[in-house]
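The numbering used here numbers the first residue of the sequence shown as 3 and each following residue consecutively. For every residue, glycine included, the Cβ atom is placed at its ideal position computed from N, Cα and C. Fair warning: this is a prediction, and the values are worked out from it, not measured in the lab. Below is one structure, written out as structure tokens; comments come after it.
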Amino acid sequence: MKNESKEQRIKVCIIDDDLSSRNSLKDQLSKDDRIWFYGEYNSGESFLKAFKSPFSPDVCLIDIKLSEDPDGVQGMECAKRIKEKSSDIHVIIITAYPDAENFAQAREIGADYIEKGTRGEVLIDKIITSRQNIPNETSDEEQIISIRLSNQDKIDLPSLIKQIEDFIEDTSRLSPMQKKVLTLQLSGMSVDTIAKELDIEPVTVRTHLDRAKSKGAKAVRVPNLWEYIKL
């Protein structure tokens, strides 16, 4: 892997009250020359106090449970405050016990969500990809009308409407479980995490995914469209 100058590296902060977890994350990040370990914090309060110019991380890894104190700043609240102050910072919430409610909250505030213990290369890939796909500064309406394809072309409004109509027609043929499994998978959950969340076997998850994708293949080709359709 080529060496990057410090200025080119992705600045990553870790916010976790558990020292061993912080050390484990630091060890994973130190193996990639594209990442600059920018700081570690054992609470949401300590990070938020430091979070002012010129301090400017690119990515924050935040444990969802930061304090035993019910009045302390927990991971989701810390992530929300970070995104409110600087929407360009990519926040990745880390949890040992993923569930649909927290996953939905993370998506709502624009944060990523990953299970604790995820392989280092997967975490690093998520960090690197997040900085390669920073969206242009456009309004929510412009982002919906201008959903980007992989070749960076934009979908014009009539085409978008047609694809939404196709999407609705395709998803109407899905069973409730197929909708639930496919929505979770497209939002970033792994097969094993979905299986734990829904209390079913991984092989059952894969079966639902295969059947759902075969019924809704046209809709799946539109990136992020699931975020704008309520099933």
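Closest Cα partner of residue i within the set the options
| i | options | result |
| --- | --- | --- |
| phenylalanine 49 | Ala102, Ile130, Ile84, Ile96 | Ile84 |
| isoleucine 91 | Ala102, Leu63, Asp18, Ala197 | Leu63 |
| arginine 11 | Ile202, Ser26, Leu31, Glu70 | Leu31 |
| aspartate 34 | Ser177, Val124, Val193 | Val124 |
| arginine 109 | Arg121, Gly122, Tyr99, Ile94 | Ile94 |
| serine 192 | Pro178, Arg121, Leu176, Ser177 | Arg121 |
| serine 132 | His210, Ala197, Ser89 | Ser89 |
| serine 22 | Tyr43, Arg208, Arg36 | Tyr43 |
| glutamine 180 | Glu199, Gln107, Val207, Glu203 | Val207 |
| lysine 51 | Lys87, Ile37, Leu27 | Lys87 |
| leucine 251 | Ala102, Pro72, Val61 | In the structure displayed, the chain extends from 3 to 233; residue 251 sits before or after that span and is not available. |
| serine 177 | Asp194, Glu203, Ser216 | Ser216 |
Coarse secondary structure for residue i, derived from DSSP in three states
| i | result |
| --- | --- |
| leucine 63 | strand |
| glutamate 79 | helix |
| isoleucine 84 | helix |
| aspartate 114 | strand |
| lysine 182 | helix |
| isoleucine 91 | coil |
| phenylalanine 57 | coil |
Cβ neighbour criterion (16 or more within 10 Å) applied to residue i
| i | result |
| --- | --- |
| isoleucine 119 | Note that residue 119 is glycine in the sequence shown here, rather than isoleucine. By the neighbour-count rule (16 or more Cβ atoms within 10 Å), glycine 119 is not buried but exposed. |
| phenylalanine 53 | buried |
| aspartate 127 | exposed |
| glutamine 76 | buried |
| alanine 214 | buried |
| proline 56 | exposed |
| valine 205 | exposed |
| tyrosine 2 | Outside the displayed range of the chain (3 to 233) lies residue 2, so it cannot be described from this structure. |
Alpha helix (DSSP H) segment containing residue i, residue limits
| i | result |
| --- | --- |
| aspartate 71 | First-last for aspartate 71: undefined, no H or E at that position. |
| glutamate 203 | Run containing glutamate 203: none; DSSP gives neither H nor E here. |
| alanine 98 | Unbroken run through alanine 98: none, as it is neither H nor E. |
| leucine 50 | 46-52 |
Beta-carbon proximity list for residue i, same chain, < 6 Å, skipping 5 on both sides
| i | result |
| --- | --- |
| aspartate 20 | none |
| asparagine 138 | Interpretation of asparagine 138 is limited by its pLDDT of 42, a score under 50 that renders its predicted location unreliable; the figure taken from the coordinates is listed afterwards. Around asparagine 138: no qualifying Cβ. |
| aspartate 18 | Arg24, Asp65 |
| tyrosine 40 | Lys13, Val14, Cys15, Pro59 |
| alanine 113 | Ala81, Val93, Ile95 |
Endpoints, the beta strand (DSSP E) within which residue i is located
| i | result |
| --- | --- |
| threonine 120 | No beta strand (DSSP E) holds threonine 120; DSSP gives it neither H nor E. |
| lysine 33 | Per DSSP, lysine 33 belongs to no beta strand (DSSP E) and is neither H nor E. |
| lysine 13 | 12-17 |
7 Å CB neighbourhood of residue i in its chain, flanking five on each side removed
| i | result |
| --- | --- |
| threonine 97 | Ile66, Asn104, Glu117, Lys118 |
| glutamine 107 | Met78 |
Residues of its chain near residue i, where Cβ-Cβ distance is below 8 Å and the 5 sequence neighbours each way are ignored
| i | result |
| --- | --- |
| glutamate 79 | Gly46 |
| valine 183 | Ile196, Leu200, Val207, His210, Leu211, Ala214 |
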